[in-house]
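If you use the numbering used here, the sequence shown corresponds to residues 581 to 793, in order.
Where is the CB? At the ideal position from N, CA and C, for every residue including glycine.
One structure below.
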Amino acid sequence: MRTEPATIPVNTDPLVIRSLEFVGGLATIGGWRPELDLPEIAFAGRSNVGKSSLLNKVLKRRSFARVSKTPGRTREINFFKVNDAFLLADLPGYGYARVSKERSADWGPLIDSYLRGTKDLRGVVQLLDVRHDPTDDDRQMLDFLADVGVPVMFVATKIDKISRLAVDKRIRDLAIILQVDEDHIIPFSAQTGAGRDDLAEAIAGLLATERAA
Ligand SMILES: Nc1nc2c(ncn2[C@@H]2O[C@H](COP(=O)(O)OP(=O)(O)OP(=O)(O)O)[C@@H](O)[C@H]2O)c(=O)[nH]1
Ligand SMILES: [Mg+2]
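Structure, rendered in C-alpha cells:
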C-alpha cells in the first residue's frame, strides 16, 4: 500500500484574531484607561498616515477602527482588546494644522503621559507615509519614544501609491534617515493588504518580549 505524505494544514497567519473588543478611549491626561494587566502595543503617526486603516487590516475587520477622509478624526487613544490576551492602542494623529490650536496643544502631553504611564507597553508601531520624509512632528514623536526607551517598529504606509521600485528606494532612504536597519521598516498597504502578515509577525514578536525594566 502506498502511503501519501501526510498533509498537515498549517495556519500561516502569525496573528490569528479570535476575539476583538473595543474597550474605550482615553481623552485626557489621567482620564480613564483600561486596567487589564495585558501587554500593549501602540500605533502612532501623523494624521491621515493610515493608522486606523492599518489597524483594521491587522485585525482583519473592514471598519473596526474609524477611518475617515477628514484628517484628525481619531482624537482619543482608542483601546482594542484582542484574543483576551493583549491591547492595541490607536493613538490620535498629530501634525494636522486644521485641528484647532487647542486640540493640537493637547496632543504632546497626552501622548507623553500615555507612553510614560503604560507599564505594559511592549512596543510602538510608528507609521510614516512611504512617500514623505519624517516631519518635525514625527521627530518630536521619535524623541518621545527614544526618551521613554520603548521598542519601535516602523511601517511605511500607502505603498500602493508608488511603484515597487520606488518603494524599495524609499525604504532604503528612510532607513538611512531613521538610522535603523531596512528590516525595521515594514512596507505596507491597507488598500492591497501588502505587509499585513509581516506586521502581524512583528507585533507578535513585540508581545513575546518582556518589557525592559
Ligand atoms: N491608497 C491608500 N490609502 C490609504 C491607505 N491607508 C489609509 N489610506 C487612506 O488615507 C486616509 C486616512 O486614513 P486613516 O486610517 O483614517 O488615517 P489615520 O492615521 O487613522 O488618521 P487620523 O485618525 O486622523 O490620525 C483615508 O482616506 C484612507 O482610506 C493605504 O495603504 N493606501
Ligand atoms: Mg485614525
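Item                                                                                                                                                     : Value
Just to confirm, does residue 737 get its C-beta within under 6 Å of one of the non-hydrogen atoms of ligand 1?                                          : yes
Pull the bridge partners of residue 737 from the DSSP assignment, please.                                                                                : 709
What does the Cβ neighbour count give for residue 536, buried or exposed, with the cut at 16 atoms within 10 Å?                                          : Coverage of the chain is limited to positions 581 through 793, which leaves residue 536 absent and any answer about it impossible.
With residue 595 and residue 780 assumed to form a contact (beta carbons below 8 Å), what rounded beta-carbon distance in angstroms separates them?      : 4 Å
Where does residue 670 fall in DSSP's three states?                                                                                                      : strand
Based on DSSP bridge pairs, tell me the residues matched to residue 634.                                                                                 : Answer by DSSP bridge pairing: none, since residue 634 is not bridged.
Taking its Cβ as the centre, do 16 or more other Cβ atoms sit within 10 Å of residue 643, making it buried, or is it exposed?                            : exposed
Cβ-heavy atom distance between residue 697 and ligand 1 below 6 Å?                                                                                       : no
Nearest to residue 633 by CA position, among 697, 707, 619 and 661, is which residue?                                                                    : 707
Could you check where the beta strand (DSSP E) with residue 604 kicks off and where it finishes?                                                         : 600 to 606
Would you say residue 767 and residue 751 are within 7 Å of each other, going by their C-beta atoms?                                                     : yes
In chain order, what residues of the same chain lie with their CB nearer than 7 Å to the CB of residue 664, ignoring the 5 residues before and after it? : 599
Does ligand 2 have even one heavy atom less than 6 Å from the beta-carbon of residue 769?                                                                : no
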